[in-house]
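Line by line, the protein sequences give chains L and V. First residue of the first sequence? That's 1 in this note's numbering, and the numbers climb one at a time after it. First residue of the second sequence? That's 1001 in this note's numbering, and the numbers climb one at a time after it. Below you'll find the structure, written out as structure tokens, and then a few comments.
Number of protein chains: 2
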Amino acid sequence: MKNFFSPKSVAVVGASDSPGKVGYSVMNNLIDFGFAGKIFPINPKSETVQGIKAYKSILDVQDDIDLAVVIIPPKFIPELIDQCGEKNIDSVVIISAGFKETGYEGSLLEKEVVARAEKHNIRVLGPNCLGIIDTFSSLNASFSNGSPSRGSISFFSQSGALCTAILDWAIGEKIGFSKFISIGNKADISAVDMLEALAEDENTRVILGYIEGVKDGRKFMETARRVTKKKPIIIIKAGSTQAGAKAAASHTGTLAGSEKAFKSAFLQSGIIQADSIEELFDCAIAFSRQPIIKGDRIAIVTNAGGPGILAADACEKNGVTLASFTTETVEKLQACLPSVAAFYNPVDVIGDAKADRYKAAVEALLQDEFVDGILLILTPQQMTEVAGTALALAELTKRYDKPILTSFMGQATIKKGLSVLNKKKIPNYPYPERAVSAFREMINYKKILERVEHKTEAVRINTEWIGEIIDRQIACGSYSLGEQDSRKILKALGFKIPRSEVAETSSEAAVMATEIGFPVVMKIVSPNILHKSDIGGVKVGMRDEQEVKRAFNEIMNNAVRYTSNTNITGVSVQQMITTGKEVILGITYDSIFGHMLMFGLGGVYVEVLKDVSFRICPVNKDDVWHMIREIRSFPLLSGVRGEGLSDLDSLEDSLFKLAQVIQDFPQIIEADINPLMVMKKGDGVYAIDARFILKA
Amino acid sequence: MKNFFSPKSVAVVGASDSPGKVGYSVMNNLIDFGFAGKIFPINPKSETVQGIKAYKSILDVQDDIDLAVVIIPPKFIPELIDQCGEKNIDSVVIISAGFKETGYEGSLLEKEVVARAEKHNIRVLGPNCLGIIDTFSSLNASFSNGSPSRGSISFFSQSGALCTAILDWAIGEKIGFSKFISIGNKADISAVDMLEALAEDENTRVILGYIEGVKDGRKFMETARRVTKKKPIIIIKAGSTQAGAKAAASHTGTLAGSEKAFKSAFLQSGIIQADSIEELFDCAIAFSRQPIIKGDRIAIVTNAGGPGILAADACEKNGVTLASFTTETVEKLQACLPSVAAFYNPVDVIGDAKADRYKAAVEALLQDEFVDGILLILTPQQMTEVAGTALALAELTKRYDKPILTSFMGQATIKKGLSVLNKKKIPNYPYPERAVSAFREMINYKKILERVEHKTEAVRINTEWIGEIIDRQIACGSYSLGEQDSRKILKALGFKIPRSEVAETSSEAAVMATEIGFPVVMKIVSPNILHKSDIGGVKVGMRDEQEVKRAFNEIMNNAVRYTSNTNITGVSVQQMITTGKEVILGITYDSIFGHMLMFGLGGVYVEVLKDVSFRICPVNKDDVWHMIREIRSFPLLSGVRGEGLSDLDSLEDSLFKLAQVIQDFPQIIEADINPLMVMKKGDGVYAIDARFILKA
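Structure (structure tokens):
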């Protein structure tokens, strides 16, 4: 991407002298922002554009061209790409719209452009985008209104208009950026390329993105996982809810992936997901201007009780820890604050605090090893030294390596303070709650950095057996495995399963039950009946031969009402697992990210409360550990009500086995092990029932 | 409160000529803001203060004084109050600090001041406050920095410093206020008085409050319930997460806490609870500047796809409905927008839209009867007419009575548009998500207005029986009712309860079980054992005499390990209700709001998932209807998985009965009916077990 960010020469294909035209703005921005390389306007009708010698075609330019920025009508672009190839240009930004976003014909044209670019080894940014800005190479190859100042935030966006709005905000708020990239239709260069490039960019400390979808979910995750170890990635994903997804489909034609898949993908790859544009930038500013936090303990310093309490409330709601100070710190605070001050968290320096008092308190807290970050709240009262306090803080940030966020509240009289804070790179938030949210994500990122990247657990399973079963099914044209075959797969996966035999008569059933041991479960066996209990095909808890015989007859009577006799294999008589917790393990397939593993407590927990967790496959130790613990009903497995701990180790193993089977047999696109009975610690698990669906 | 808001004359007790003193600021603000009435500075040492004739004492003033503002040291204030009484002053603002907030002695002094004020029929605002501002009577009797412009928002705050910050913000943002009241320590005038006064104030359209607590919860709710029918009340409650999860004898007690009490109180009285200061003012501006919304269907109009999707996402997350347009509207849009525009919600007028195109689209939507409000999003693109679009909108707001909120995104180039929007009273939010949150609360308020205020249901219960039981218990000094007495209360309340008898030997138990009918439940009966199942004192599902005998012995063995033989009455043998859904009903007592009613699904739903709902008593039809439906597991009662509807009518009755018993016997401070078995529709409920705790 080097020639996109810091080209030595730029050709503007479609450069114009008429203000109001995009080709005018791009030229104007290139010149205005002080691009130091050569600029070659391409315009068949003019001798010069904006005072610079123009060329009829890029082929007429003698010098080398590193980057071509294209603003001509779409239909001329395929040919232009060939010319770029001829001219050895390897980087092209297509700003022009009129491609995939306009419908079928546009999408054909877009494919044509990409095909020709590939042939010439040309990388394409766009089409249908705002362009690209790099403040460090003084390149503004876009039709933006104005240019941002230098800073360490880089932003890429699938929405050009959002770029415009954010740029306008950044210029107004004097927030610096390193790179600003509008990726448009992502015909070639994608979010993945952006992550790769920005990871390497030494001027970028934090990567922001607005995306509506991604093409290659796996690659996106792999790349993000690597990059987040170097610098934070914060992304806002639009179209994340159903209504949003509809809007996305009619917008750039991007297929929005399911919300759960994206959430899991972000979580697993360490991306911070912002819930709103405000949160995106609130976090960005914190990361770009303050050091990485080392722990999760925050001290609040305030000159007003009320906002201090609100900040403490916000900490509790956001899972941010209020630091407990050492005795030494409390003594220091007592020495520097008036007696009516509050010496514990939140520290109240009292309404008449001037800069020196704020400074003494903050310094005492920075020295406390149990404090990882400071939130300083200031309300403009009579004696308050707004700018002075900001300067005092700035002095402290030089000497201590702990993040400080501020909330100078108000507007009219705090302006001077805000401009000092901005200059000194101390992030300010108009309300303390927003600063706390930023701290939450800083702490979150610290945890991402500390994450040990376990390898995916490889589990040995009997692939031969499973392969045979699957091959036989496919040969029959059957894509939904019956109970017996599913049981075989469970066995091949190494699951303990309850003893089970199929009886054809009631007396046979009674004999089998006696052998297996009471109580037993009985179920209809028929390839035609998938939802057995719905038709009265399941009976549980038969305790003697009489009950078994009666159950056999009832089940058969119910079944013949539903399907013909010839389709009924018999009734299975199964060992009944009477203790343990019912859980469900599952596999589903997302069109973007592929196989996903699901976990939840069985029965109503899954069906009514939808209390389940997801991870994209493959999964590692941490993934599985967390997915078991993040469901709300987890305490049922960890031993509430004196019930003792369930066998969580075996549960983890079970999830790995299921993940492994789809690793080895990706043609399985859906699976349920439901229920899996988790026995008490040390006693393992029983897989009672399962279903596997193959890709048709 | 008339003399607080629009006095004809004000005495400033402690007026000063020295800048930096509070007594200087108050005088200066009074004069500067253009107070039209007479000002009497009181200062024993000066002839004049800030050019106005001063008096040694208020008693020296010949004219009438409507309001006294006090800034003298606390110790002189009791005597001053007497002088105010003598001078027939009925309204006093005490700005001075040094009272309750400083500790015990200060609180004594505060009591003394209040006592003397009561004697003279004087109302006191404060002490320890910033003062009071009324923009319509041009009164600024506070030590604020500057004064706000006129507007229809009134704000009262328990935190003076928060007032300062908000004022500063309001002045900077040019947000108008009607009244600004710092209520300080609330020694006399409370939040309730504020609600009463601001409800009557014709210049106030929306009431905002910051509170940390209230004194009389009941009166607060009653007042709020009345006032919210006239105008919206939005409150931010600080210290909301410091919920005292107290160690209580009942489930209900453990699950309650002050946060839940406040949430219920706000909900029941129609107060909108803001989660952050930002939300408080985002809502305030919407309510103060736009008409009440008539439904919940919003149309989004945007010139940028991305922000449109984000807004649609936010609508879904916030439960705001995206309007579906009539065919007529879609045709109108097709007529006024280019063919590549999006004609369905969100409507995309495309990046090159000027003011006229925005206007045509918005007007078409305003005319659609299925659209209740408009969210207009604008990003500053090349052709965008920022100020023009704002003016076009302003013209439309005059002719249509539907709320319009905007999100002009950016800063540098949209400033002119923002100032037009501000002048024309169209609320703007920097990001669309915040506008959607404001719509959510507008819709919420519309529902509050539509709420039918059902009277509390009076239920006939046998008060004589219950009175006897309670009296006898109290006579014995026992405050926790045993199972037998609790069963009697259930009977008196008209609950169906399972048959039950207490056995002292295993054979007696077997006989009883045979009489009652199998299966049975067996439980230890002992005044010393509250959590019976924790000690192995409960066995369920005994199906024959043998099992009953065995269970009897096991229970007794478990119990004697826990308490002495003499404290064990025996083992109850109870009819086992084998169908129905387990729910829990409860009562707890909150120190501010009094009795609260709780509802939840029994067992793990309550204990692990804490899936419960609360209401402050007394409750009406709506309260009970909603509290049953707001738990997450409600689908279990409404018939999922083909199970059929539960008897919700009987469940509602049961909640009313429990609410009634604490109405008649407020000495009951905690109660659990756990479980209550809810049978299928038409079959009523069974109260299986209960516990009542009396006030010690």
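Just so it is clear, CB atoms sit at the ideal spot from N, CA and C, and this is done for glycine as well. No experiment lies behind these values; they were computed from the predicted model shown.
A distance below 9 Å separates the beta carbons of PHE1156(V) and ALA1191(V). Taking 7 Å as the Cβ-Cβ cut-off, the region 313-342 of chain L approaches chain V at ASP313, GLU316, LYS317 and VAL340, given in chain order. As a beta-bridge residue in DSSP terms, ILE39(L) pairs with VAL10(L). A direct Cα-Cα distance of roughly 28 Å separates LEU365(L) from SER152(L). Note on MET598(L): 16 or more other CB atoms within 10 angstroms of its CB, so buried under the neighbour-count rule. Contacts with chain L (Cβ-Cβ distance below 7 Å) from the region 1560-1593 of chain V involve no residue at all. Taking all protein chains shown into account, LYS2(L) has fewer than 16 neighbouring C-beta atoms within 10 Å of its C-beta and is therefore exposed.
Neighbours of THR413(L) in chain V, taken as residues at a C-beta separation under 7 Å, are given in chain order as ASN1145 and ASP1168. Between the C-alpha atoms of ALA1284(V) and TYR1104(V) there is a straight-line separation of about 38 Å. VAL1371(V) sits in coil when the DSSP states are folded into three classes, being neither helix nor strand.
Contact between the region 175-184 of chain L and the region 223-234 of chain L is absent: fewer than three C-beta pairs spanning the two stretches fall below 8 Å. Neighbours of ARG1632(V) in chain L, taken as residues whose beta carbon is under 7 Å from its own, are LEU609 in chain order. Among the residues of chain L, none has a CB under 7 Å from the CB of THR1135(V); the nearest is roughly 16 Å distant. Contact annotation for THR1204(V) against chain L: no contact, minimum CB-CB distance about 22 Å [criterion: below 7 Å]. Uninterrupted beta strand (DSSP E) stretches at least 3 residues long and entirely within the region 1291-1353 of chain V occur at 1297-1302, given in chain order. The beta carbon of ALA387(L) sits closer than 6 Å to those of LYS416, GLY417 and VAL420, all from its chain and outside the five residues before and after it, given in chain order.
Residues of chain L whose Cβ lies closer than 7 Å to the Cβ of ASN1557(V) do not exist; the shortest such Cβ separation is about 17 Å.
Comparing C-alpha distances from VAL1093(V) to each of PRO1073(V), ARG1116(V), ALA1261(V) and LEU1125(V) shows the shortest one belongs to LEU1125(V).
Per the C-alpha coordinates, the member of PHE4(L), ASP168(L), TYR686(L) and ALA165(L) positioned closest to ASP647(L) is TYR686(L). The beta carbon of GLN1660(V) lies closer than 6 Å to those of VAL1459 and ILE1461 in the same chain, with the five residues before and after it left out. Ranked by how close their Cα comes to the Cα of GLY594(L), the residues THR578(L), GLY602(L) and ILE616(L) have ILE616(L) in first place.
If you draw a straight line from the Cα of VAL511(L) to the Cα of SER572(L), it comes to about 12 Å.
When the beta-carbon positions are compared, PHE552(L) and THR505(L) come within less than 9 Å of each other. By the CB criterion at 9 Å, SER1147(V) and ASN1140(V) fall inside the cutoff.
Here PHE1076(V) is exposed. Its C-beta has fewer than 16 other C-beta atoms within 10 Å. The beta-carbon of TYR431(L) is placed less than 9 Å from the nearest beta-carbon of chain V. Inter-residue distance for ILE662(L) and SER480(L) is about 15 Å (C-alpha atoms, whole angstroms). For the region 88-105 of chain L, the set of positions with a beta-carbon nearer than 7 Å to some beta-carbon of chain V reads THR102 in chain order. Counting every other CB atom within 10 Å of its CB across the protein chains shown gives PRO1675(V) a total of 16 or more, marking it as buried. Secondary structure of ALA1690(V) (DSSP, three-state): strand. With a 10 Å radius around the Cβ and a threshold of 16 neighbouring Cβ atoms, GLU369(L) comes out exposed.
The shortest C-alpha to C-alpha distance from GLY176(L) to any of PHE656(L), ALA197(L) and PHE281(L) is the one to PHE281(L). A residue is called buried when at least 16 other Cβ atoms come within 10 angstroms of its Cβ; LEU449(L) does not meet this threshold and is exposed.
Residue pairing from DSSP places GLU1670(V) in a beta bridge opposite ILE1693(V). Rounded to the nearest whole angstrom, the C-alpha separation of LYS1424(V) and ARG226(L) is 51 Å. Apart from sequence neighbours up to five positions away, the residues of its chain that approach LEU67(L) with a beta-carbon distance below 8 Å are ASN3, PHE4, PRO7, SER9, VAL10, ALA11, ILE89, SER91, VAL92, VAL93 and ALA141, ordered along the chain.
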